[in-house]
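K.L.:
Protein chains in written order, with our numbering: chain X, 42 to 706; chain R, 138 to 329.
1. What does the alpha-carbon distance come out to for the pair residue 113 (chain X) and residue 123 (chain X)?
2. Taking the alpha-carbon of residue 387 (chain X) as reference, which of X:269, X:344, X:210, X:223 has the nearest alpha-carbon?
3. Are there 16 or more other CB atoms within 10 angstroms of the CB of residue 138 (chain X), so buried, or fewer, so exposed?
4. In chain R, what lies closer than 7 Å to residue 711 (chain X) by C-beta?
5. Check the Cβ of residue 304 (chain R) against every Cβ in chain X and list those closer than 9 Å, keeping chain order.
6. Around the Cβ of residue 516 (chain X), are there at least 16 other Cβ atoms within 10 angstroms (buried) or fewer (exposed)?
7. Just confirm the distance between the C-beta atoms of residue 295 (chain X) and residue 428 (chain X), as a whole number of angstroms; I'd bet it's less than 8 Å.
8. Helix or strand or just coil, what does DSSP make of residue 252 (chain R)?
9. Short of 9 Å Cβ to Cβ, which residues in the stretch 312 to 329 of chain R face chain X?
10. Against chain X, with Cβ distances strictly below 8 Å, would residue 253 (chain R) count as a contact?
11. List the whole-angstrom C-beta distance separating residue 532 (chain X) from residue 561 (chain X), where the pair is believed to meet the contact cut-off of C-beta under 8 Å.
12. Candidates X:592, X:617, X:618: which alpha carbon is nearest residue 608 (chain X)'s?
13. Beta-carbon of residue 72 (chain X) versus every beta-carbon of chain R: anything under 8 Å?
14. Quick check on residue 577 (chain X): does DSSP put it in helix, strand or coil?
15. How many angstroms separate the CA atom of residue 318 (chain R) from the CA atom of residue 310 (chain R)?
16. What number of angstroms, rounded off, separates the C-alpha of residue 259 (chain R) from the C-alpha of residue 331 (chain X)?
17. Please report how far the alpha carbon of residue 270 (chain X) lies from the alpha carbon of residue 284 (chain X), in whole angstroms.
18. Return the first residue and the last residue of the alpha helix (DSSP H) that residue 263 (chain R) is part of.
19. On the premise that residue 451 (chain X) lies in contact with residue 180 (chain X), defined as a C-beta separation below 8 Å, what is that separation, rounded to the nearest angstrom?
20. Does the ligand ADP have even one heavy atom less than 7 Å from the beta-carbon of residue 690 (chain X)?
21. Would you identify the three-state DSSP class for residue 476 (chain X), choosing helix, strand or coil?
22. For the alpha helix (DSSP H) that residue 112 (chain X) lies in, which residues bound it at each end?
23. Looking at the structure shown, is residue 467 (chain X) part of a helix, part of a strand, or coil, going by DSSP?
24. List the residues of chain R that residue 430 (chain X) touches, going by C-beta distances under 8 Å, in chain order.
25. Quick check: the Cα distance between residue 242 (chain X) and residue 192 (chain X), rounded to an integer number of angstroms?
26. Consider the Cβ of residue 122 (chain X): report whether some Cβ of chain R lies at a distance smaller than 8 Å.
27. If you count every other CB in all the chains shown that lies within 10 Å of the CB of residue 577 (chain X), and 16 or more means buried, which is it?
28. Please report the distance separating the alpha-carbon of residue 254 (chain X) from that of residue 692 (chain X).
29. Cα-Cα, which of X:277, X:687, X:311 is closest to residue 317 (chain X)?
30. Which residues, taken in chain order from the stretch 692 to 704 of chain X, show a beta carbon closer than 7 Å to some beta carbon of chain R?
31. Could you tell me whether the Cβ of residue 680 (chain X) comes closer than 8 Å to any Cβ of chain R?
32. Residue ranges of each beta strand (DSSP E) run of no fewer than 3 residues wholly in the stretch 306 to 371 of chain X, ordered along the chain?
33. Quick check on this structure: which residue in X:653, X:535, X:358, X:142 has the alpha carbon closest to the alpha carbon of residue 499 (chain X)?
34. Locate the alpha helix (DSSP H) running through residue 301 (chain R), then write down its first and last residues.
35. Kindly indicate which residue of X:174, X:643, X:340, X:405 has the alpha-carbon position closest to the one of residue 110 (chain X).
36. Check the Cβ of residue 262 (chain R) against every Cβ in chain X and list those closer than 8 Å, keeping chain order.
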């Protein structure tokens with residue numbers, strides 16, 4: 042990917058300067074010219090450090106993906122699917138792994154929301170404020186999580202500036218037809234003396250989603266968010282503080298059910314450069330969050346989920362010793378998760394997690410390097426005594442402790458300046474979460490009666506992956522193939538119907554399917570590929586042809602039955618270019634049918650999605666402006682997302698147009 | 138012109154009157170080669186004087202080739218070479234340099250001037266946006282050795298990256314005490 046080259050001259054400036062040169066006849070002292078200061082930087086995504094992500098989205102690439110949910114932002118990347126719980130809630134799924142297995146961090150600390158507990162709980166991040174999305178894999182992912190088979194997603198915003206920021210003010214408005222989108226975001230940043238500041242806010246509303254089978258009721262949304270941060274920056278490093286809030290009300294296709302979400306969060310972060318000879322830097326982060334969401338039935342709060350907690354970390358970046366670079370650190374977090382209300386399906390739990398981790402990269406002879414990392418955690422989940430609907434789920438308080446240890450090793454070999462290959466081995470362990478351990482009740486989000494198991498052990502697996510990548514040249518791309526084998530995978534297994542609790546004074550749940558959390562041996566294997574032929578490439582005109590595809594199969598090794606909600610794969614082609622200042626992209630993807638099904642799962646038909654997008658940079662009354670237009674599902678195909686819990690009621694959006702205008706003052 | 142005015146408004150360091158300081162006889166009007174596609178001169182038809190200016194268009198493959206500047210003080214700052222001068226209307230093709238250009242390396246900026254000249258970092262926001270380019274800064278140094286004024290002589294096209302260099306020089310660079318001096322400092326921001 043070539044970075045856009047800036048124009049180096051303003052013709053008007055030359056003109057003005059030349060005219061002035063004619064006037065200025067004499068000068069006291071002619072300036073002396075010094076040798077050029079060459080500042081070399083690595084493009085985002087091109088770094089080779091102990092913590093460098095496998096994939097990074099930033100700048101224009103990310104801006105053009107300005108989608109509504111994080112799942113949609115990432116869904117075009119081979120290997121990634123979205124859980125798609127309506128237009129307002131979508132979590133990414135990587136290589137068939139989701140929820141707690143796929144950690145999403147915000148500037149390196151836990152997002153402390155409830156999105157991993159249930160697919161209908163939105164990730165509490167506004168995609169518009171995100172400056173960089175990192176997908177970490179292998180050793181680097183161990184910095185943030187011990188469950189790294191799918192990777193870790195780290196979102197970076199500028200809410201706590203880490204450096205002086207150029208003064209900027211951005212206004213971004215979007216309108217869409219399929220979901221009746223109306224969104225406006227503002228963002229301003231800058232520096233005053235040694236201080237850098239950031240301020241952002243957005244308001245977004247959507248109407249009921251239009252699909253090829255008509256508008257789907259109860260899918261509208263209304264969200265507002267804002268964030269403010271300030272930091273002191275200097276040669277020493279930086280230290281800063283930020284505060285952010287998010288309010289959102291959205292439907293999840295259940296008649297009359299609406300979710301009201303509220304999060305407030307404080308963050309402290311800082312870094313000290315070269316505190317001692319042995320360290321390049323020490324950086325620290327602490328996030329304190331108060332999250333709650335209520336499921337309103339016909340305007341009355343049914344149950345309220347609250348997550349109050351904090352997550353902190355300290356990273357020591359080691360000075361390069363010979364050919365070895367590395368980061369070691371500690372992470373610690375506590376949160377209380379409570380569910381209050383008639384539809385409580387979980388007891389109140391206290392969750393503690395402490396971790397020590399390290400990730401290293403070592404250059405070897407013969408153009409190869411070794412990356413390796415470790416993470417050892419101590420996790421404890423304590424549940425309160427719990428009686429609901431006359432059912433004694435926890436007679437007394439119960440607790441479970443785990444010590445997951447994960448390791449990763451990757452050998453990277455540069456075959457030539459253009460080609461590189463990577464062989465990765467991973468061993469991961471994950472402590473079961475509060476839901477897998479202690480759930481016992483009807484879960485509105487998944488429309489199931491969920492039953493946990495307090496005696497569950499750690500989830501364990503080993504994985505192997507081989508990747509071949511060509512990073513330069515007119516033809517670039519990557520191909521990878523992987524096999525992840527879990528000796529113990531915590532899955533939801535169908536187990537008849539829910540209980541009838543009318544005798545004990547509760548409700549009759551026998552209309553709901555019952556799912557138990559059980560540990561099963563499981564296999565995941567798959568492949569991903571992406572190839573780009575750059576047919577034409579210069580500063581003003583580009584043309585490229587891209588092919589992409591992915592494939593994943595997941596099954597229970599004991600029964601050979603498929604695991605549920607796996608998007609089986611897709612094959613796609615895209616033509617993209619730049620001409621006369623307009624960038625454009627046309628793409629078509631064939632999504633495979635899913636016929637490998639879990640018990641009680643329905644098949645998903647294959648479908649082809651065609652879309653187009655257009656972008657243009659121009660000046661609007663002297664202001665930098667960018668106009669974007671996206672056409673989605675051009676042929677209005679009725680399509681179901683195999684990884685969605687609610688695919689049978691909610692197809693993917695129908696034909697739609699989305700227009701955006703961004704102004705940079 | 139609106140663009141220029143906005144640039145000035147957005148950036149108080151870019152005081153317009155500062156530009157006239159440095160166009161003494163022989164002072165380079167431009168240091169870095171304009172982009173090949175920019176019809177800068179052709180577009181500026183109302184100013185025929187521009188064509189008459191001895192504008193040295195210098196191909197500086199890695200910015201090691203410097204146009205001629207009269208050496209007035211402080212010898213041995215840079216080794217000056219004869220410039221390869223092309224007429225302004227010539228197609229801006231790379232011109233063979235009389236000296237083999239030294240490869241631009243990531244070595245820190247060094248000069249044998251006494252003083253402190255730390256190299257600026259490549260800001261993360263600039264890397265996120267893929268910003269790169271060449272810019273030229275004019276620094277006026279007081280007799281005490283501190284920069285009195287730091288202004289952009291040639292922009293890299295991004296006000297933000299220009300400002301980054303200006304602020305860095307103003308805040309972090311210092312010279313040894315001596316007579317008041319003026320320096321042109323080229324910065325090359327390069328992503329790889």
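We put the CB at the ideal spot given by N, CA and C, even for glycine. Since the structure is predicted, the reported quantities are computational estimates derived from the model, not experimental observations.
P.N.:
So, from the listed chains and residues:
1. For the purposes of this step, residue 113 (chain X) is identified with residue 72 of the first chain, where counting begins at 1. For the purposes of this step, residue 123 (chain X) is identified with residue 82 of the first chain, where counting begins at 1. Roughly 6 Å separates the two Cα atoms.
2. Reading the first chain from its first residue, position 346 is the one you call residue 387 (chain X). Taking only the C-alpha atoms, the option nearest residue 387 (chain X) is X:344.
3. The count along the first chain starts at 1 and reaches residue 138 (chain X) at position 97. By the neighbour-count rule (16 or more Cβ atoms within 10 Å), residue 138 (chain X) is buried.
4. The shown model of chain X, from 42 to 706, leaves out residue 711 (chain X), and the question about it has no answer.
5. As a working note, residue 304 (chain R) is residue 167 in the second chain. Here the neighbours are 205, 232.
6. Along the first chain, read from residue 1 onward, the residue named residue 516 (chain X) stands at position 475. Result: exposed.
7. Sequence index remark: in the first chain, residue 295 (chain X) carries index 254 (1-based). Sequence index remark: in the first chain, residue 428 (chain X) carries index 387 (1-based). Residue 295 (chain X) to residue 428 (chain X), Cβ: 26 Å. No contact.
8. Locating residue 252 (chain R) in the second chain gives position 115, counting from the first residue. Of the three classes helix, strand and coil, the one that applies to residue 252 (chain R) here is strand, per DSSP.
9. 316, 317, 318, 319, 320, 321, 322, 323, 324, 325, 326, 327, 328, 329
10. Taking the second chain and counting its residues from 1, one reaches residue 253 (chain R) at position 116. By this cut-off, residue 253 (chain R) is not an interface position.
11. On the first chain, residue 532 (chain X) is found 491 positions in, with the first residue counted as 1. On the first chain, residue 561 (chain X) is found 520 positions in, with the first residue counted as 1. With 8 Å as the limit, residue 532 (chain X) and residue 561 (chain X) qualify as a contact, their Cβ atoms being about 5 Å apart.
12. Counting from one through the first chain, the residue named residue 608 (chain X) turns up at place 567. Nearest of X:592, X:617, X:618 to residue 608 (chain X), Cα basis: X:592.
13. For the purposes of this step, residue 72 (chain X) is taken as the residue at position 31 of the first chain. It does; some Cβ of chain R falls within 8 Å.
14. By 1-based counting over the first chain, the position of residue 577 (chain X) is 536. It is a strand residue.
15. Looking up residue 318 (chain R) in the second chain gives position 181. Looking up residue 310 (chain R) in the second chain gives position 173. Rounded to the nearest angstrom, the two C-alpha atoms are 14 Å apart.
16. In the second chain, residue 259 (chain R) corresponds to position 122, counting from 1. In the first chain, residue 331 (chain X) corresponds to position 290, counting from 1. Near 36 Å, if we compare the C-alpha coordinates of residue 331 (chain X) and residue 259 (chain R).
17. Translated into positions along the first chain, residue 270 (chain X) becomes position 229. Translated into positions along the first chain, residue 284 (chain X) becomes position 243. Approximately 6 Å, taken between the alpha carbons.
18. As a working note, residue 263 (chain R) is residue 126 in the second chain. 261 to 265 is the span of the alpha helix (DSSP H), which, as asked, contains residue 263 (chain R).
19. By 1-based counting over the first chain, the position of residue 180 (chain X) is 139. By 1-based counting over the first chain, the position of residue 451 (chain X) is 410. Their Cβ separation, rounded to whole angstroms, is 6 Å, which keeps residue 180 (chain X) and residue 451 (chain X) in contact under 8 Å.
20. Because no ligand of any kind appears in the structure shown, any question about the ligand ADP cannot be addressed here.
21. Taking the first residue of the first chain as position 1, residue 476 (chain X) is located at position 435. Looking at residue 476 (chain X) - three-state DSSP - the assignment turns out to be helix.
22. Working through the first chain from its first residue, we reach residue 112 (chain X) at position 71. 111 to 115 is the span of the alpha helix (DSSP H), which, as asked, contains residue 112 (chain X).
23. For the purposes of this step, residue 467 (chain X) is taken as the residue at position 426 of the first chain. Strand.
24. Here residue 430 (chain X) refers to the residue found at position 389 when the first chain is read from its first residue. Near residue 430 (chain X) there are no residues of chain R at all, since even the closest Cβ is about 51 Å away, more than 8 Å.
25. One-based indexing of the first chain puts residue 242 (chain X) at position 201. One-based indexing of the first chain puts residue 192 (chain X) at position 151. So the alpha carbons of these two residues sit roughly 30 Å apart.
26. Against the first chain, residue 122 (chain X) aligns to sequence position 81. Not an interface residue.
27. Reading the first chain from its first residue, position 536 is the one you call residue 577 (chain X). Residue 577 (chain X) comes out exposed.
28. Translated into positions along the first chain, residue 254 (chain X) becomes position 213. Translated into positions along the first chain, residue 692 (chain X) becomes position 651. Those two C-alpha atoms are separated by around 8 Å.
29. The sequence position of residue 317 (chain X) within the first chain is 276, counting from 1. The option with the nearest alpha carbon to residue 317 (chain X) is X:277.
30. none
31. In the first chain, the residue the question calls residue 680 (chain X) occupies position 639. With 8 Å as the cut-off, residue 680 (chain X) does not count as an interface residue toward chain R.
32. 320 to 338, 341 to 362
33. Along the first chain, one-based indexing puts residue 499 (chain X) at 458. Minimum Cα distance to residue 499 (chain X) is reached at X:142.
34. Taking the first residue of the second chain as position 1, residue 301 (chain R) is located at position 164. Here the alpha helix (DSSP H) through residue 301 (chain R) covers 296 to 309.
35. If you number the first chain from 1, residue 110 (chain X) lands on position 69. Checked all of X:174, X:643, X:340, X:405; the closest Cα to residue 110 (chain X) is X:174.
36. One-based indexing of the second chain puts residue 262 (chain R) at position 125. Residues of chain X passing the Cβ test: 172, 199, 204, 206, 207.
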